[in-house]
Amino acid sequence: MSGALRFALALVAAVALGGAPAPAVARSALPAPAIADAVLVTRIVRVSDGDTVHAMIDGRAVRVRLTKIDAPESGQAFGERARRALADMVVGRDVTLRQVGVDRYGRVLAVLSVEGISVNAELVRLGWAWVYRQFSDDATLIALEDAARRNRWGLWADPHPVPPWEQRRAARGR
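Following our numbering from start to finish, the sequence shown increments by one per residue and tops out at 175.
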């Protein structure tokens, strides 16, 4: 049995049994088709920035990138506030992680939920993240972003917020 299949089966079993995946689960990032829509209730052990966390999966911390959104970078305006907003939502709480793939950097792509509320959408609604339109045309998220922008919530208090993808492109150009 492939490592990817073992991982997917272990996640399904963990959800059904309410526990953690078995230790025999493959320990590397897996191709998206093998793990799409895998669901796990877990704990977040570290918040790196406004859209990246480390979740406990199979007894180890795994980097997880919140899908469809992009938050300000750490050194960028509102970066620390976005990180703190995410930490306030997830640290010390049971978090449902719905894995939808793996990105080119090996990070798990996921939607996080706490008590049935999408953390990804909440960050957009509160103005701490953009909809990552290169990877999403989700009308609900776009409407949440538009409302946050109109109300000048979070990063939208800045009259000219710089999207993180532009910040990264500028940093690469140096």
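Glycine included, every Cβ here is placed at the ideal spot set by N, Cα and C.
Check your understanding: For P73, is the classification buried or exposed, using 16 other Cβ atoms within 10 angstroms of its Cβ as the cut-off for buried?
Key -> Locating residue 73 in the sequence shown gives position 72, counting from the first residue. Per the 10 Å Cβ criterion, buried.
Review point. Enumerated in chain order, which unbroken segments of the beta strand (DSSP E) with a length of 3 residues or greater are wholly contained in the stretch 63 to 147?
Key: Restricted to the stretch 63 to 147, the beta strand (DSSP E) segments that are unbroken, complete and at least 3 residues in length are 96 to 103 and 109 to 115, listed in chain order.
Review point. How would you label G93, buried or exposed, when you count the other beta carbons within 10 angstroms and need 16 or more for buried?
Key: The residue labelled residue 93 in the question sits at position 92 within the sequence shown. Label assigned to G93: exposed.
Check your understanding: DSSP state of P160, grouped into three classes?
Key -> For the purposes of this step, residue 160 is taken as residue 159 along the sequence shown, with counting starting at 1. Coil.
Practice item. Drop a sphere of 10 angstroms on the beta-carbon of R84, count the other beta-carbons inside from all chains shown, and report buried for 16 or more, exposed for fewer. Key: As a working mapping, residue 84 is identified with position 83 in the sequence shown. Label assigned to R84: buried.
Practice item. List the whole-angstrom C-beta distance separating L127 from G107, where the pair is believed to meet the contact cut-off of C-beta under 8 Å. Key: For the purposes of this step, residue 127 is taken as residue 126 along the sequence shown, with counting starting at 1. For the purposes of this step, residue 107 is taken as residue 106 along the sequence shown, with counting starting at 1. So it is not a contact: roughly 29 Å between Cβ atoms.
Exercise for review: State yes or no: is the C-beta of A56 within less than 7 Å of the C-beta of V48?
Suggested key: Locating residue 56 in the sequence shown gives position 55, where the first residue counts as 1. Locating residue 48 in the sequence shown gives position 47, where the first residue counts as 1. No; because the gap between Cβ atoms is not below 7 Å, this pair is not in contact.
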